[in-house]
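Okay, so here's the structure we're looking at.
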Amino acid sequence: MTSDSIAPRVKSVMAQTFGVAAEDLAVDASPQTVAEWDSLRHMNLVLALEGEFQIEFAEDEIPEILSLPKIAETIAGRLAN
Amino acid sequence: MSTDSQAKPVRIRILRNFTVEHIEPELKSVGADLGVSLSVEIGGFDTIQQDLLREDPAAVDVLVVLIHLDHFCGGMWTPDWELATARKGLLEIFGLLEQQTASRIIINSFVVSGVAWLPQFGSADYSGRAQAVRELNVMVREFVAEHPQSISLLDCEALASRLGADAALDLRYGFMMKAPFRQMMLRAMATDILRLAACLRRPPKKVVVLDCDNTLWGGVVGEDGMDGIQLHPFEFPGVVYHRFQFTLLMLREQGVLLCLCSKNNEANVWEVLDDHPHALLRRNHLTGWRINWTDKATNIAELAKDLNLGLSSFVFVDDDPRECSRVQESLPEVTVLQVPEHKYRLPDLLPQSRLFDSLGITEDDRQRAQRYADDRQRAEARSSFPSVDEYLETLRIEITVRPPRLDEMPRATQLSQRTNQFNLTTRRYTEAELAAFSKAAGSEVYGLWVTDKFGSLGMVGLMTVHVKDGLADIENLLMSCRVIGRKIEAAFVSHGLTDLFGRHQVKRVRAAYVPTPKNDIVADLWPRFGLEPKGGSTAGQGFESECGALRLETPRFISVASSEHDE
Chain P
0 MTSDSIAPRV KSVMAQTFGV AAEDLAVDAS PQTVAEWDSL RHMNLVLALE GEFQIEFAED
60 EIPEILSLPK IAETIAGRLA N
Chain L
0 MSTDSQAKPV RIRILRNFTV EHIEPELKSV GADLGVSLSV EIGGFDTIQQ DLLREDPAAV
60 DVLVVLIHLD HFCGGMWTPD WELATARKGL LEIFGLLEQQ TASRIIINSF VVSGVAWLPQ
120 FGSADYSGRA QAVRELNVMV REFVAEHPQS ISLLDCEALA SRLGADAALD LRYGFMMKAP
180 FRQMMLRAMA TDILRLAACL RRPPKKVVVL DCDNTLWGGV VGEDGMDGIQ LHPFEFPGVV
240 YHRFQFTLLM LREQGVLLCL CSKNNEANVW EVLDDHPHAL LRRNHLTGWR INWTDKATNI
300 AELAKDLNLG LSSFVFVDDD PRECSRVQES LPEVTVLQVP EHKYRLPDLL PQSRLFDSLG
360 ITEDDRQRAQ RYADDRQRAE ARSSFPSVDE YLETLRIEIT VRPPRLDEMP RATQLSQRTN
420 QFNLTTRRYT EAELAAFSKA AGSEVYGLWV TDKFGSLGMV GLMTVHVKDG LADIENLLMS
480 CRVIGRKIEA AFVSHGLTDL FGRHQVKRVR AAYVPTPKND IVADLWPRFG LEPKGGSTAG
540 QGFESECGAL RLETPRFISV ASSEHDE
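Heads up: the sequence lines are chains P and L, in that order.
Sequential numbering of the first sequence, starting at 0, is according to numbering that gives the first Met the number 0.
Sequential numbering of the second sequence, starting at 0, is according to numbering that gives the first Met the number 0.
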């Protein structure tokens, strides 16, 4: 699975977690562009993504995955291994 | 459930030393389920003491203090940590909590986290931390037990053990973000916080009316006979009914009145209650009954009239869906609960309903059932007298009018929350509000105590008055339905106002009647004291008069005990 095919699923999880419409999330959505993406909702996003993709992020990844492309890329790397 | 109380949101403030922001959506969602509207405010991170010192007493109904021991008072995970340090920190917070005036304060018990629970196979607690946490929990429980009127326990220890530590605790976010609890645990905490908060707004139900066959026991006594019904203390399905009877007795201890309403031959039912070897519920536990072949809605309405209680304080339990829906249709105010399809759920039916949740049980609650039994004797005595006054004379009524003492404030608050019929303005007070009112300059709170030849009726009335610039404003006057119809209000108001005039400069007295669906029996009360209608509005009718124009008389058959203020 490539990060391109993963991105729409990530977007849908983000939309649900932040309570916004998926259409309103840019391809490079990040805390700078999404007002709802604060540090507490980031915790929820991580939990929701882990549930969706059946993975567990490493501790040092959690503060790093702060944009949609970065998240998709990290998950793709994880699923490839 | 009164509509006025539902509209007012419960204001909750949470002070904490860990990341708990995620509890807010859980509180909102559980609140929606329970029908409690609320506002939530979360204090600064790890600033419990500072926030308590800043506390604005008027601005909050429920104050929740959440402490996680991992980072309390320098944390507990250093080798030289001492239990005494945490004890001292807790005592400091306890001291501050005793100064708070929120209606309800909630503090949590602690969950053992981290490595403390690991190798315990040999009963070893190698770090000693698990034992330390247990000791601190004992300390919290004792503190809560010492303050039943104001402080409640959020038993996180019990919640975590019910959910299981792995489901309750989030080690990763606990370490990374000081957010030790998983969402499931936060939801359980939110549920308990709101069950407590709901009690501030909604008085508990007062009466359970019970069907008999397949409700109090399995089977039909009229057909199966006393020996054929199921009520065994250990064997299924009898055990289910036996345990249900046990929960009924527990409710009775808390002041809930138990009544029967059954289509049966009376003798068959009494045979079970009087003689069945395993029956827990006995005839003397009942406050009323209707065992006949009449429509149950009619019977329940009659019971309500007998007990002088509104139908909205009644809960009806029956196994027959047709009886349930008929009662519900005829008497929409009654809460109807059907015996669950799965029998094993019956014992939990009433506790789970949350209808009987209560902040604390007062001595008055414990004696309620007995007092209604006394009342039945009074009613029997009454029927043998030609006139009401002659009957009242024989009762040897004696009243006491004085401000409630501190330990009587819970009962005073309870009266203001529960009284619906003889209640002039239905201004309801929380304990904190009443305490604040009683301390304010120019304010007087008068309690009413009544005894008669059948026994003490306890504290049964409350009058709140505020005097300013020579005008005495009666904020509310209320009396329990136990003493309605004995002209006691004449003695209560006369004595209370006379005392007030001795303490304050009063030229005029003002009062109000705010109509509700239940209080029309007092619609014409104030004119009887000589108060003239004045200044009505949509909110209610105002009354006002010069002191000299008031008619303050104590009926001759009521004696007034001395009523010195405690200074």
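A virtual CB, placed ideally from N, CA and C, is assigned to each residue, including glycine.
In three-state terms, what does DSSP make of residue i?
i             : result
residue 565/L : Note that residue 565/L scores a pLDDT of 49, beneath 50, so its modelled location is shaky; the value from the coordinates is reported in the next line. Of the three classes helix, strand and coil, the one that applies to residue 565/L here is coil, per DSSP.
residue 40/P  : helix
residue 525/L : helix
residue 75/L  : coil
residue 389/L : helix
residue 75/P  : helix
residue 199/L : helix
residue 60/L  : coil
residue 539/L : strand
residue 509/L : strand
residue 21/L  : coil
residue 288/L : strand
residue 30/L  : helix
residue 67/P  : helix
residue 309/L : coil
residue 105/L : strand
residue 547/L : helix
residue 8/L   : coil
residue 90/L  : helix
With 9 Å set as the bound, which would you pick, yes or no: does the beta-carbon of residue i sit closer than that to a beta-carbon of chain P?
i             : result
residue 40/L  : no
residue 46/L  : no
residue 569/L : Since the first and last residues shown for chain L are 0 and 566, residue 569/L lies out of range.
residue 196/L : no
residue 20/L  : yes
residue 182/L : yes
residue 171/L : yes
residue 187/L : no
residue 178/L : yes
residue 567/L : Absent from the model: residue 567/L. The displayed extent of chain L is 0 to 566, so no value can be given.
Between residue i and chain L, is any beta-carbon pair separated by less than 9 Å?
i            : result
residue 42/P : yes
residue 51/P : no
residue 38/P : yes
residue 48/P : no
residue 54/P : no
residue 64/P : no
residue 35/P : no
residue 70/P : no
residue 60/P : no
Can you say whether residue i is buried or exposed, counting buried as having 16 or more other CB atoms within 10 angstroms of its CB?
i             : result
residue 412/L : buried
residue 416/L : buried
residue 149/L : buried
residue 464/L : buried
residue 494/L : buried
residue 283/L : exposed
residue 88/L  : buried
residue 371/L : buried
residue 512/L : buried
residue 20/P  : exposed
residue 341/L : exposed
residue 535/L : exposed
residue 26/P  : exposed
residue 343/L : exposed
residue 405/L : exposed
Chain A partners of residue i, CB-CB under 7 Å?
i            : result
residue 74/P : This model lacks chain A altogether, as its protein chains are P and L.
Q: Counting only runs of 3+ residues fully inside the region 316-386 of chain L, write out the beta strand (DSSP E) ranges in chain order.
A: Contiguous beta strand (DSSP E) elements confined to the region 316-386 of chain L occur at 334-337, taking only those with 3 or more residues.
Q. Is there contact here, the region 388-398 of chain L with the region 285-297 of chain L, by at least three beta-carbon pairs under 8 Å?
A. Pairwise C-beta distances place the region 388-398 of chain L out of contact with the region 285-297 of chain L, as fewer than three of them are shorter than 8 Å.
Q: Mind the definition here: the region 343-353 of chain L touches the region 237-252 of chain L only if three or more C-beta pairs lie below 8 Å; say whether that holds.
A: Taking 8 Å as the limit for Cβ pairs, the verdict is that the region 237-252 of chain L does touch the region 343-353 of chain L.
**Q.** Continuous beta strand (DSSP E) assignments of at least 3 residues falling wholly in the region 196-262 of chain L
**A.** Within the region 196-262 of chain L, the complete beta strand (DSSP E) runs of at least 3 residues are 206-209 and 256-261.
Q) Does the region 476-487 of chain L come close enough to the region 428-441 of chain L that 3 or more CB-CB pairs lie under 8 Å? A) Of all C-beta pairs linking the region 428-441 of chain L to the region 476-487 of chain L, fewer than three are shorter than 8 Å, placing the two stretches out of contact.
Q: At 3 residues or longer, and completely inside the region 454-515 of chain L: list those beta strand (DSSP E) runs for me, N to C.
A: Listed in chain order, the complete beta strand (DSSP E) runs (minimum 3 residues) inside the region 454-515 of chain L are 454-467, 470-478 and 507-512.
**Q.** the region 206-221 of chain L / the region 158-172 of chain L touching (three or more Cβ pairs under 8 Å)
**A.** Taking 8 Å as the limit for Cβ pairs, the verdict is that the region 158-172 of chain L does not touch the region 206-221 of chain L.
**Q.** Unbroken stretches of the alpha helix (DSSP H), 4 residues or longer, contained in the region 390-460 of chain L
**A.** Runs of alpha helix (DSSP H) with 4 or more residues, each lying fully within the region 390-460 of chain L, are found at 408-417 and 430-438, listed in chain order.
Q | the region 209-228 of chain L / the region 262-279 of chain L touching (three or more Cβ pairs under 8 Å) | A | Contact holds: three or more Cβ-Cβ distances are below 8 Å.
Q: Output the residue ranges of the alpha helix (DSSP H) runs that lie fully inside the region 117-174 of chain L and measure 4 residues or longer, sorted by chain position.
A: You should have 128-145, 155-162 and 164-167.
Q. With contact counted as at least three CB pairs below 8 Å, one residue from each stretch, are the region 40-50 of chain L and the region 59-75 of chain P in contact?
A. Contact fails: fewer than three Cβ-Cβ distances are below 8 Å.
Q) Counting Cβ pairs, one atom from each stretch, are 3 or more of them under 8 Å apart for the region 331-344 of chain L and the region 309-319 of chain L? A) Result yes; three or more Cβ-Cβ pairs closer than 8 Å.
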